[in-house]
Structures are given as structure tokens and as C-alpha cells.
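Quick note: the sequence shown, position 70, residue 61 per this note's numbering, numbers continuous. Quick reminder that beta carbons are idealized off the backbone N, C-alpha and C, glycines included.
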Amino acid sequence: MVRDKRKIRLLLSLLAFCFVFAAASGATKKPPLKPININTANSEELQEVPGIGPVTAEKILQMRKSYGAFKSVDDLLSIRGIGKKRLEKMRKYLTVTKSAQPNKPVTRTKPGASLGKAPPPKNEAAPTPAAEPEEPPAVMAGERW
-8 MVRDKRKIRL LLSLLAFCFV FAAASGATKK PPLKPININT ANSEELQEVP GIGPVTAEKI
52 LQMRKSYGAF KSVDDLLSIR GIGKKRLEKM RKYLTVTKSA QPNKPVTRTK PGASLGKAPP
112 PKNEAAPTPA AEPEEPPAVM AGERW
């Protein structure tokens, strides 16, 4: 009789543990308050989106690095592991906007202007460009100099 009570307690404890584990693993992450831009987001920001874990986030970053900015959220379909159903669940949390690459500063200059140099003062003459050396004339077969 004592053995039966121990078995029942053990089974109930095991069952309670299973319920606790199932509840913890089945918990979904809290979605982001505003859509995440897949062209500027880092791995942590991408992982806020339900359906994107660390592996998928790295795949997205690698594709962005290799092929450039995404033109639409549908471009994620080319990533292995993201299908139509999964993308539809994630779509409302994602956006795509055109933006400058974070590593390359955008500079706007007039064509032909040199960077980092100020124009010469008006009262001084601008330096003349150095003359390029001329190439010697082509020698045809049988001719001498």
C-alpha cells in the first residue's frame, strides 16, 4: 500500500513537471510594438519578431550583407526555412525602407570636386594641373627611330 502511494506521488509529480515545462516552452515571445526594418535591424531586433530565432536572424543578416538591401518583405522567401505560411505570420511585424548603409557615410559633392580640400581663395590663382606625359608614337614593323 505504501508503494502504491509513492508511485502515485511520483506520477503526479512527473505530470505536474510536464505541465510546467509545456507551459514554459509553449510561451510565445512578445511581438515588437512597431514593425522591424529588415534593412537596418540587428540580430537582437530581428529576434523580437515571432518566428525569427537566432539562426534565422543570422541568415537574414548574411543575405543582406551578400546581396544588399531587401526590396520587399517577400524577399525573405529566398531564405531557406522561411516559407509562405511562416512569412505571413511574421509579415505584420516587418517592414522594408530604403536607407543608407550604416557603414558608409553619404557624402554629396559636385562632380569633379575633390574631397577634403577647400576651394582656393578668389584672389589667388588656382594651381594648374600637371601635364600628363605623352606616349611615344607607335612604331610600325620595319620602321626605325
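For this session: Please confirm whether V87 and K50 have their CB atoms less than 9 Å apart.
Result: no
For this session: Can you tell me which of the three DSSP states T47 falls into?
Result: helix
Exercise. When you compare each of P45, K80 and S34 to D65 by their alpha carbons, which one comes out closest?
Worked result: K80
Exercise. Can you tell me the Cα-Cα spacing of I(-1) and G44, whole angstroms?
Worked result: 39 Å
Problem set entry | Spatial neighbours of A72 in its chain, beta-carbon cut-off 8 Å, leaving aside the 5 residues before and after | First, the amino acid is wrong: residue 72 is Gly here, not Ala. Around G72: V46, T47 and K50.
Exercise. Considering only the beta carbon of each residue, do A60 and K89 sit closer than 9 Å?
Worked result: yes
Exercise. Are the Cβ atoms of V40 and L85 separated by less than 9 Å?
Worked result: yes
For this session: Check the C-beta distance from N30 over to R55 and give it rounded, since I have them as a contact under 8 Å.
Result: 7 Å
Problem set entry | Buried/exposed call for L24, threshold 16 Cβ in 10 Å | exposed
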